[in-house]
């Protein structure tokens with residue numbers, strides 16, 4: 002069964018303190034792995050798609066990496082405005098465009 | 004401005020009532036989706052539609068119904084048969100079935116009184 006596990010559930014950082022969020026997955030053939038940012042009471046905002054092991058993508062202070070079993074979202078020198086829940090999702094090769102989501106990591110960055 | 008709109012933002016329902024949540028997109032996307040989000044859980048797929056006049060059940064379709072009469076619209080009805088309907092409902096769309104990225108609307112929070 003396809004599954005996504007995100008850790009930690011919650012993370013508190015001081016402004017400027019770099020860290021990483023983890024997304025471990027099991028899927029019958031990976032078609033894509035997705036990272037989203039979600040602010041409270043709002044819909045998820047698309048950040049990155051990764052397709053194959055070794056791939057990396059960057060956007061401002063965020064960098065996403067992918068291995069055969071997990072993905073990391075690295076946050077470099079975070080600012081308070083980076084506070085949000087970060088969601089990871091995977092899409093397998095079989096069937097329709099179905100995304101399997103993890104429960105997310107709640108990130109709080111304090112000044 | 005292209006995007007996905009959902010209405011209402013907040014919805015209150017009495018037990019035993021059916022309610023319909025609206026989802027409209029002007030992105031010319033073929034595929035549309037409905038998800039449910041509960042605290043501490045990942046998004047779960049309710050229904051999806053890859054083309055007009057066609058839709059399929061997702062993982063948790065019981066107690067819900069949809070229609071796809073127009074490309075830009077994919078309304079979700081939460082029926083009285085849904086035993087625990089209080090949740091945050093999210094609509095998403097994707098250019099076509101072969102594209103990967105799904106783009107989400109702002110969500111509707113449904114509360115059953």
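Residue numbers (this note's numbering), protein chains in the order written: chain V, 2 to 112; chain L, 4 to 116. Glycine included, each C-beta is placed from N, C-alpha and C at the ideal position. Just so you know, these numbers come straight off a predicted model, no measurement behind them.
Have a look at L:38, L:82 and L:95 and flag the residue whose alpha-carbon is nearest the alpha-carbon of residue 18 (chain L). L:82
Nearest to residue 101 (chain V) by alpha carbon, out of V:21, V:37, V:19 and V:14? V:37
On the CB-based measure, 16 or more other CB atoms within 10 Å of its CB, does residue 99 (chain V) come out buried or exposed? buried
CB contact check: residue 2 (chain L) to chain V, cutoff 8 Å: This structure cannot settle anything about residue 2 (chain L), because the visible part of chain L is limited to 4 through 116.
I'd like to know if residue 46 (chain L) contacts chain V, where contact means its C-beta is closer than 8 Å to some C-beta of that chain. yes
Can you tell me whether residue 105 (chain L) is buried or exposed, with buried defined as 16 or more other CB within 10 angstroms of its CB? buried
Can you list the residues of chain V that residue 19 (chain L) reaches, using a CB-CB cut of under 7 Å? Per Cβ cutoff of 7 Å: no residues; residue 19 (chain L) is ~27 Å from chain V at best.
Can you list, in chain order, the residues of its chain with a C-beta nearer than 6 Å to that of residue 63 (chain L)? Leave out the 5 residues immediately preceding and following it. 47 and 49
Examine chain L for any beta-carbon lying closer than 8 Å to the beta-carbon of residue 69 (chain V), and answer yes or no. no
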